[in-house]
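Participant:
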Amino acid sequence: MPQCGEKNYRVSLSALWVESVLYGLYTALFGGSVYILASQRTKRYYFATSVILWILTTINLIFNFAIALSTPDATANSRLEGGAIFSCSSDPETPERAREIAITALLGTIGDVFSTLSQIAADSLLIHRSLVVWNHKRRVIVLPAILLLATTACNLSLVYYESQLYKIRHAASPSAPPPPEFFHIVKMSASFSTASYALALGTTVVTTILTAGRIWWVSKELGKNLKVDAGHMYRSAILVIVESGAIYSSGVIVSLVVYQAAPNYASISAYAVGPLIGIAPTLIIVRVGLGRSFEETHAPVVESAPMRHTKPVTSMIRFATLHSQSESDGPDPACETRHTTYIGWSSDGESASQLEAGKHAFLERESL
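Residue numbers (numbering that gives the first Met the number 0): 0 to 367.
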């Protein structure tokens with residue numbers, strides 16, 4: 000292997016190694032999510048999303064390995080300059096090298112299609128979680144939905160320009176110089192790639208703030224209005240949401256920084272982002288499946304206001320499913336019954352009337 004191609008060779012192998020390690024961790028996490036969610040009919044949406052994300056990530060990994068294995072000459076005999084790859088030889092490109100470069104462009108384009116689908120699935124799950132937490136108030140998800148659409152548009156534009164690069168490489172003669180539009184297409188491809196990363200980062204940050212912020216506000220209102228310490232019951236839910244968002248956000252930020260500061264190593268961080276797209280939402284899926292997330296947080300709340308001959312009251316935060324437990328000491332002279340109400344899990348998935356309006360203005364009546 001020529002010395003000038005050693006750097007590109009090491010970068011290529013390092014990128015595959017990083018992606019493989021993260022994919023192994025992701026696969027273990029995915030296996031846990033399948034084990035947890037497979038038997039839960041109410042979690043079919045999360046189960047399907049988890050499977051789709053893993054399949055798409057696996058396909059993308061296969062394409063990256065296929066590029067490396069099917070292009071040995073381009074991998075070992077190329078040099079990196081400003082993130083671009085050039086032949087180590089000053090001689091015209093051989094037909095074999097031209098074929099390998101065309102294969103790289105083709106497989107890279109197809110791989111980006113699956114990456115786009117992964118991004119859509121992952122961000123859609125995060126937006127769905129925000130929608131559920133916010134009582135299905137659609138105006139709350141307008142901004143993240145716009146960001147998702149913009150991200151998808153950038154990704155599709157990237158796929159388009161990369162397909163144009165493939166057409167040029169496939170049709171060009173090995174000895175012919177690249178046409179003038181080639182460099183314009185390369186520039187546009189890089190611009191849309193950067194924009195896609197930035198928009199995806201924005202989607203993750205916004206949905207994380209919406210979800211974690213809502214849970215924090217609800218726990219604060221519980222403590223203030225019901226005179227109970229509810230913060231500790233929701234703290235773990237907030238942490239897992241923030242941590243999951245931070246994992247993917249960190250990967251995207253690193254990719255953006257590396258792309259600008261050290262473009263020769265951009266492929267390493269770019270390959271790492273692939274598994275991170277699936278890891279972040281799968282962490283939330285596992286948490287929900289274990290019943291330890293904000294969706295199934297048990298918060299015992301004693302409601303001591305008297306109610307005349309009424310059925311047990313079940314109160315819920317919109318994103319919880321719950322049950323009620325009543326305790327009666329027997330009828331008193333006023334024919335009143337006192338109830339102990341829990342915010343928790345309900346096998347029938349329904350909630351009755353909300354608690355006393357003055358004390359529980361933030362709790363809403365719903366029928367699932």
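Note that beta-carbon positions come from the ideal geometry of N, C-alpha and C, so glycine has one too. All values reported here derive from a predicted model rather than from experimental measurement.
Exposed or buried, K42, counting other C-beta atoms within 10 Å across all chains shown (16 or more means buried)?
Facilitator: buried
Participant: State buried or exposed for R138, treating a residue as buried only when at least 16 other CB atoms are found within 10 Å of its CB.
Facilitator: exposed
Participant: For G23, does the count of other Cβ atoms within 10 angstroms reach 16, so buried, or fall short, so exposed?
Facilitator: Exposed, by the Cβ-count rule.
Participant: By Cβ distance below 7 Å, which residues in the same chain neighbour A194 in space, the five residues on each side in sequence not counted?
Facilitator: When the five nearest sequence neighbours on each side are left out, the beta carbons in the same chain lying within less than 7 Å of the beta carbon of A194 are those of C153, in order along the chain.
Participant: Assuming I126 and I140 make a contact with CB atoms under 8 Å, what is their CB distance in whole Å?
Facilitator: Here I126 really is in contact with I140; their C-beta atoms are around 5 Å apart, less than 8 Å.
Participant: Count the CB pairs spanning the segment 17–35 and the segment 253–262 that are closer than 8 Å, and state whether there are at least three.
Facilitator: no
Participant: State the beta-bridge partners of R78 as determined by DSSP.
Facilitator: F85
Participant: DSSP three-state call for P177: helix, strand or coil?
Facilitator: coil
Participant: Do S248 and V285 have their CB atoms nearer than 8 Å?
Facilitator: no
Participant: Determine the extent of the alpha helix (DSSP H) in which R96 is found, giving its start and end residues.
Facilitator: P94 to V132
Participant: Among residues of its own chain, excluding the 5 on either side of S11, which ones have a beta-carbon nearer than 8 Å to its beta-carbon?
Facilitator: Same-chain partners within the cutoff: A67, T74 and S266.
Participant: What number of angstroms, rounded off, separates the C-alpha of S129 from the C-alpha of I54?
Facilitator: 24 Å
Participant: Ordered along the chain, which non-local residues of its own chain (more than five positions away) have a Cβ less than 7 Å from that of I240?
Facilitator: T207, T210, A211 and I283
Participant: CA-CA distance, P71 and W216?
Facilitator: 56 Å
Participant: Taking the alpha-carbon positions, what's the G4 to V185 distance?
Facilitator: Straight-line Cα distance between these residues: approximately 22 Å.
Participant: Grab me the residues of H169's own chain with a C-beta within less than 6 Å of its C-beta, minus the 5 sequence neighbours each way, in chain order.
Facilitator: A101
Participant: Would you report the Cα separation of Y237 and S89, rounded to the nearest angstrom?
Facilitator: The sequence shown places Ile at residue 237, not Tyr. Distance between the alpha carbons of I237 and S89 is about 57 Å.
Participant: Could you check where the alpha helix (DSSP H) with K42 kicks off and where it finishes?
Facilitator: K42: not part of any alpha helix (DSSP H); DSSP gives it neither H nor E.
Participant: Can you give me the Cβ contacts of I84 inside the same chain, cut-off strictly under 8 Å, excluding the 5 residues immediately before and after it?
Facilitator: N7, A73, S77 and R78
Participant: Is Y44 buried or exposed, if buried means 16 or more other CB atoms sit within 10 Å of its CB?
Facilitator: exposed
Participant: Can you tell which of A171, I167 and W133 has the C-alpha that lies nearest to the C-alpha of P94?
Facilitator: Out of A171, I167 and W133, A171 has the C-alpha closest to the C-alpha of P94.
Participant: If you count every other CB in all the chains shown that lies within 10 Å of the CB of N134, and 16 or more means buried, which is it?
Facilitator: With fewer than 16 other Cβ atoms within 10 Å, it is exposed.
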